[in-house]
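Respectively, the protein sequence lines represent chains A and B.
Per my numbering, residue 3 is the first one in the first sequence, and the count goes up by one each step.
Per my numbering, residue 2 is the first one in the second sequence, and the count goes up by one each step.
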Amino acid sequence: MSAQALINENALGRNRRIKRLGKLGLLLNPLVAYFFLWAPILVLVLFSFNQSKSVASFTGFTLKWYSNILNNVVGAESAFSTELMLNAFRNSLFVGTIATAIATALGTMIALAMARGRFPGKRLLDGLLFLPVVIPEITQAISLAIFFKVAFDWIHLLSGERVFPGFHTIIMAHVTFNISYVAIVVRARLADMDPTLEEAASDLGANPWQTFWRVTFPLILPGVIAGALLAFTLSLDDFVITFFTSGVGTTTLPVFVYGLLKLTVTPEVNAISTIMMLLSTLLIGISLALQGRGTSQR
Amino acid sequence: MTATDVELIDIVKDFESGAGRVRAVDHVSVQIADGEFFALLGPSGCGKTTTLRLIAGFEQPTAGQVLIRGRAMQGIPAYHRPVNTVFQDYALFPHLTVEQNIMFGLQMEGVEKKEAQKRALESLEQVRLPGVGGRRPHQLSGGQQQRVALARALVKQPAVLLLDEPLGALDLKLRKNMQVELKALQRDVGITFIYVTHDQEEAITMADRIAVMNHGEMLQVGTPKEIYERPGTHFVADFIGETNFVDGTLLERGEAGFGMVKLMNDAVIRAQLSDTLASEGGPVLVAIRPERISISRADAGPAGAGMTSLSATLVDSQYIGTDTRFTLQIGENIELVARLQNIDDLPKAAFSIGQAVTASWGETSTTILDH
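Here it is, written out as structure tokens:
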């Protein structure tokens, strides 16, 4: 074998080794990434079924904590009561439902305007729409808190009425960030829809109102529902913004759970968190399924 | 032909684009008669679809007037116009059944559900597609969807049916069948058809009259025969069928629509003047259709009256199934393509490459066009 051939052979061998290493890396990368993502959650879920009260070791399987949170059997050191939890859950559903309804209507309208309208500054507005998705939640929370404070001061100054934060401020805050999510999801759906369908409706004698309700809306409905479910989930799960805009007696479930944590991490908190996670996952799952559907319909 | 159904008066349509203004339709005026099958023919981007959309009401003209049955359409939205459209990609509502698709337009008119259902069924039979009323559009083949789109438009009994390349998405064989069927259907229902196509053969076989468009201008309007045999411009002659173009100099505009042209080999030939010829003398183009040129042996007798004969050399022949294409060299600079049908008694064997022959054609088969 000549020297050149040897060098070639070596280079080939090195290439092969690098390739094998690369393959291994590609395999490990997602495993490690998913481990970091999911391990804490797995621990939480696991310990919601742990017999021992401590998180030091897993001593056996039990549903005790789940039954405790429903039957109000919790140790004296905990601030927990089933009644308070259910009340917080009711508050969450109340805020979520109203905020979702408003955000879905407004978000859908914005999506329609962006997809079909032609007006100056459209690109800028389009970019601004993504802002609530990318700015830190804490920034938005503080800005909203300050905004409400200033607004209420002005109301007091002008009308003499004193307004306090409460459900209305939480709902307004939730609507604010949810509009973006709804608009983005509905817009994606609209982009999929052939605009000639609207022309066809018009051609067949439907005025713009009839065209919207008989053609456009049924076709984007999966997107609207997906957007609403996403908004509802985000509203149910939101802690930071809610915390900064809530008043007295408006504790939502995440805020309630946070209150529990201030004292001690009990297995009940793990159980509640697991239930919340399952609920959110379910809603998001339905939302994603709806977003993916329909493109194959045509 | 009776009354005028659609009239375009000096229509201009400009679109604003990033680069500035683009003129899609440039001073188009035309009258389309009631019951006529009228084709708008041209390459993509020529403004034919925009013209159709202006009639449908999806676009508003920058200047000019659209009249339908004598009524000015200015400010009248698409949903109040007595026209219906068959879209290129059919635009059937995917969330509705075939029957609901066809009933849609009737329900918008306030027709009762039962009556609408009855008429939808009749309409499906009219387009020879019975029994699919309960299906969704995506369960049908392209050809079937096309028929549903047609039924959906026809059931409204419009004054004018606008068709935007309706057969464009179908395969060749189906397209040929549909051409015949559409033409028969149009004769049956007696509705004015305005038919947009880029396929010159489709336009020639189906239309009563054709308007050839390019760069937003309507270059020529006429029957298929007029368009094919008396093209008005270089573009029309080139776009419709195959044409030989020969440079020449117009010597004189003679009597009865004929003129004398000196070709580059100094031969002087007589040919018909195009109706819109502007040139009074000087450089012009002579258009000759390949199938109008006949080839005979060089030693054959002189051509008859009304015929032009030139000596040529056969430089190439190409067998293309129905025909054989011969390339002829005349003088040094003129090359002509002649197409002879492959029939049993054609003495093809008599011609060999390099042979001296005589190319001849009728004076009415050549048209003098502006350069």
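Note that CB positions come from ideal geometry on N, CA and C, so glycine has one too.
(request) Kindly indicate if chain B contains any beta-carbon less than 8 Å away from that of A:Q293. (result) On the first sequence, residue 293 of chain A is found 291 positions in, with the first residue counted as 1. So no, A:Q293 is outside the interface.
(request) Could you pull out every unbroken beta strand (DSSP E) segment of at least 3 residues lying fully inside the stretch 125-184 of chain B, listed in chain order? (result) 161-165
(request) Classify B:S353 as buried or exposed, calling it buried when 16 or more other Cβ atoms lie within 10 Å of its own Cβ. (result) Looking up residue 353 of chain B in the second sequence gives position 352. Exposed.
(request) Below 6 Å CB to CB, which residues in the same chain sit around B:G332 once its five sequence neighbours on both sides are set aside? (result) Your numbering for residue 332 of chain B matches position 331 in the second sequence. N266.
(request) Compare the C-beta of B:E110 against all C-beta atoms of chain A and say whether one is closer than 8 Å. (result) The residue you call residue 110 of chain B lines up with position 109 of the second sequence. Yes, B:E110 lies at the interface with chain A (some Cβ there is under 8 Å from its Cβ).
(request) For B:K157, return the contacting residues in chain A, with the cut-off set at a CB-CB distance below 8 Å. (result) Along the second sequence, one-based indexing puts residue 157 of chain B at 156. Correct list: L206 and G207.
(message) For A:S54, report the span of its alpha helix (DSSP H) as first-last.
(response) Position 52 of the first sequence, counting from 1, holds the residue named residue 54 of chain A. Unbroken run through A:S54: none, as it is neither H nor E.
(request) In angstroms with no decimal places, state the Cα-to-Cα distance between B:R136 and A:V152. (result) Position 135 of the second sequence, counting from 1, holds the residue named residue 136 of chain B. Position 150 of the first sequence, counting from 1, holds the residue named residue 152 of chain A. B:R136 and A:V152: Cα-Cα distance of roughly 59 Å.
(request) Round the Cβ separation of B:P159 and B:I192 to the nearest angstrom and send it over; I've been treating them as touching at under 8 Å. (result) If you number the second sequence from 1, residue 159 of chain B lands on position 158. If you number the second sequence from 1, residue 192 of chain B lands on position 191. Correct: roughly 7 Å between the Cβ atoms.
(message) Going by DSSP in three states, A:E163 sits in which element: helix, strand or coil?
(response) The residue given as residue 163 of chain A occupies position 161 in the first sequence. Of the three classes helix, strand and coil, the one that applies to A:E163 here is coil, per DSSP.
(message) I'd like to know whether the C-beta of A:L231 is nearer than 8 Å to at least one C-beta of chain B.
(response) Translated into positions along the first sequence, residue 231 of chain A becomes position 229. Chain B, which has no Cβ nearer than 8 Å to the Cβ of A:L231, makes this no.
(request) Specify the secondary structure class of B:S18 as computed by DSSP and reduced to three states. (result) Locating residue 18 of chain B in the second sequence gives position 17, where the first residue counts as 1. Strand at B:S18.
(request) Using a threshold of 8 Å, state whether the C-beta atoms of B:D209 and B:E37 are closer than that. (result) As a working mapping, residue 209 of chain B is identified with position 208 in the second sequence. As a working mapping, residue 37 of chain B is identified with position 36 in the second sequence. Result yes, Cβ atoms of B:D209 and B:E37 sit closer than 8 Å.
(request) Hey, could you find the ends of the alpha helix (DSSP H) A:R118 is sitting in? (result) Taking the first residue of the first sequence as position 1, residue 118 of chain A is located at position 116. Element bounds for A:R118: T84 to R118.
(request) Thinking B:G43 and B:V213 are a contact (beta carbons under 8 Å), I'd like their distance in whole angstroms, please. (result) Reading the second sequence from its first residue, position 42 is the one you call residue 43 of chain B. Reading the second sequence from its first residue, position 212 is the one you call residue 213 of chain B. With 8 Å as the limit, B:G43 and B:V213 qualify as a contact, their Cβ atoms being about 6 Å apart.
(message) Against B:A79, what residues of chain A qualify as contacts under a CB-to-CB distance less than 8 Å, listed in chain order?
(response) Stepping through the second sequence from its first residue, residue 79 of chain B is reached at position 78. Simply E201, S204 and D205.
(message) Pull the bridge partners of B:S366 from the DSSP assignment, please.
(response) Residue mapping note: residue 366 of chain B aligns to position 365 of the second sequence, counting from 1. Answer is none; B:S366 lacks a bridge partner.
(request) For my contact list, B:V247 and B:I369 are in at a C-beta cut-off of 8 Å; report their separation, rounded to the angstrom. (result) Along the second sequence, one-based indexing puts residue 247 of chain B at 246. Along the second sequence, one-based indexing puts residue 369 of chain B at 368. Not a contact, Cβ separation roughly 10 Å.
(request) Classify B:E336 as helix, strand or coil using the three-state DSSP reduction. (result) For this step, residue 336 of chain B is matched to residue 335 along the second sequence. DSSP places B:E336 in strand when its eight states are reduced to three.
(message) I'd like the ranges of any alpha helix (DSSP H) spanning at least 4 consecutive residues and lying wholly in the stretch 216-252 of chain B.
(response) 225-230 and 235-240
(message) Since B:S295 and B:S361 should fall inside the 8 Å C-beta cutoff, what is the C-beta to C-beta distance between them, to a whole number of angstroms?
(response) Your numbering for residue 295 of chain B matches position 294 in the second sequence. Your numbering for residue 361 of chain B matches position 360 in the second sequence. The Cβ separation is near 6 Å, so the contact holds.
(request) Would you mind working out which of B:T365, B:R298 and B:G144 sits nearest B:L175, comparing C-alpha positions? (result) Stepping through the second sequence from its first residue, residue 175 of chain B is reached at position 174. Closest option to B:L175, Cα to Cα, is B:G144.
(request) Confirm, please, whether the CB-CB distance from B:V29 to B:M219 is below 8 Å. (result) Within the second sequence, the letter at position 218 stands for residue 219 of chain B. Within the second sequence, the letter at position 28 stands for residue 29 of chain B. Their beta carbons are under 8 Å apart, which means B:M219 touches B:V29 by this criterion.
(request) Go through its chain and collect everything with a Cβ distance to B:T198's Cβ below 7 Å, but skip five positions before and after it. (result) For the purposes of this step, residue 198 of chain B is identified with residue 197 of the second sequence, where counting begins at 1. For B:T198, where only same-chain residues beyond five positions count, the Cβ hits under 7 Å are A40, L42, E166 and A204.
(request) Determine whether the Cβ of B:A121 lies closer than 8 Å to any Cβ atom of chain A. (result) For the purposes of this step, residue 121 of chain B is taken as residue 120 along the second sequence, with counting starting at 1. It does not; no Cβ of chain A falls within 8 Å.
(request) Output the distance between the C-alpha atoms of B:E227 and B:R290, rounded to the nearest integer angstrom. (result) The count along the second sequence starts at 1 and reaches residue 227 of chain B at position 226. The count along the second sequence starts at 1 and reaches residue 290 of chain B at position 289. Cα to Cα, the separation comes out at about 14 Å.
(request) Could you check if B:K115 is buried or exposed, using at least 16 other CB atoms within 10 Å of its CB as the buried criterion? (result) Counted from its first residue, the second sequence places residue 115 of chain B at position 114. With fewer than 16 other Cβ atoms within 10 Å, it is exposed.
(message) So, for A:M174: in the same chain, excluding its five sequence neighbours on each side, which residues have a beta-carbon less than 7 Å away from its beta-carbon?
(response) As a first step, residue 174 of chain A is located in the first sequence; it is residue number 172 there, counting from the start. Hits under 7 Å: none found.
(request) List the residues of chain B that A:T198 touches, going by C-beta distances under 7 Å, in chain order. (result) Indexing the first sequence from 1 puts residue 198 of chain A at position 196. Those within 7 Å of A:T198 in chain B are F88, D90 and A92.
(request) Taking 8 Å as the cut-off, decide whether the C-beta atoms of B:Q342 and B:T323 are in contact. (result) Along the second sequence, read from residue 1 onward, the residue named residue 342 of chain B stands at position 341. Along the second sequence, read from residue 1 onward, the residue named residue 323 of chain B stands at position 322. A contact, by the Cβ cut-off of 8 Å.
(message) Measuring only the C-alpha atoms, how far is A:P197 from A:F234?
(response) If you number the first sequence from 1, residue 197 of chain A lands on position 195. If you number the first sequence from 1, residue 234 of chain A lands on position 232. Distance between the alpha carbons of A:P197 and A:F234 is about 29 Å.
(message) Within 10 Å of its beta-carbon, does A:V188 have 16 or more other beta-carbons around it, so buried, or fewer, so exposed?
(response) As a working note, residue 188 of chain A is residue 186 in the first sequence. A:V188 should be labelled buried.
(message) Is A:I53 close to chain B? Criterion is C-beta to C-beta, closer than 8 Å.
(response) Residue mapping note: residue 53 of chain A aligns to position 51 of the first sequence, counting from 1. Per the sequence shown, the amino acid found at residue 53 of chain A is Gln instead of Ile. No, A:Q53 does not count as interfacial toward chain B.
(request) Give the residues of chain B in contact with A:P220, contact being defined as C-beta atoms less than 7 Å apart. (result) Looking up residue 220 of chain A in the first sequence gives position 218. Residues of chain B passing the Cβ test: H96.
(message) Using the Cβ count rule (16 or more neighbours within 10 Å means buried), how would you classify A:G123?
(response) Position 121 of the first sequence, counted from the start, is the residue given in the question as residue 123 of chain A. Per the 10 Å Cβ criterion, exposed.
(message) Given this structure, state the Cα-to-Cα distance separating B:V7 from A:F121, to the nearest angstrom.
(response) Here residue 7 of chain B refers to the residue found at position 6 when the second sequence is read from its first residue. Here residue 121 of chain A refers to the residue found at position 119 when the first sequence is read from its first residue. Taking the straight line from one Cα to the other gives about 33 Å.
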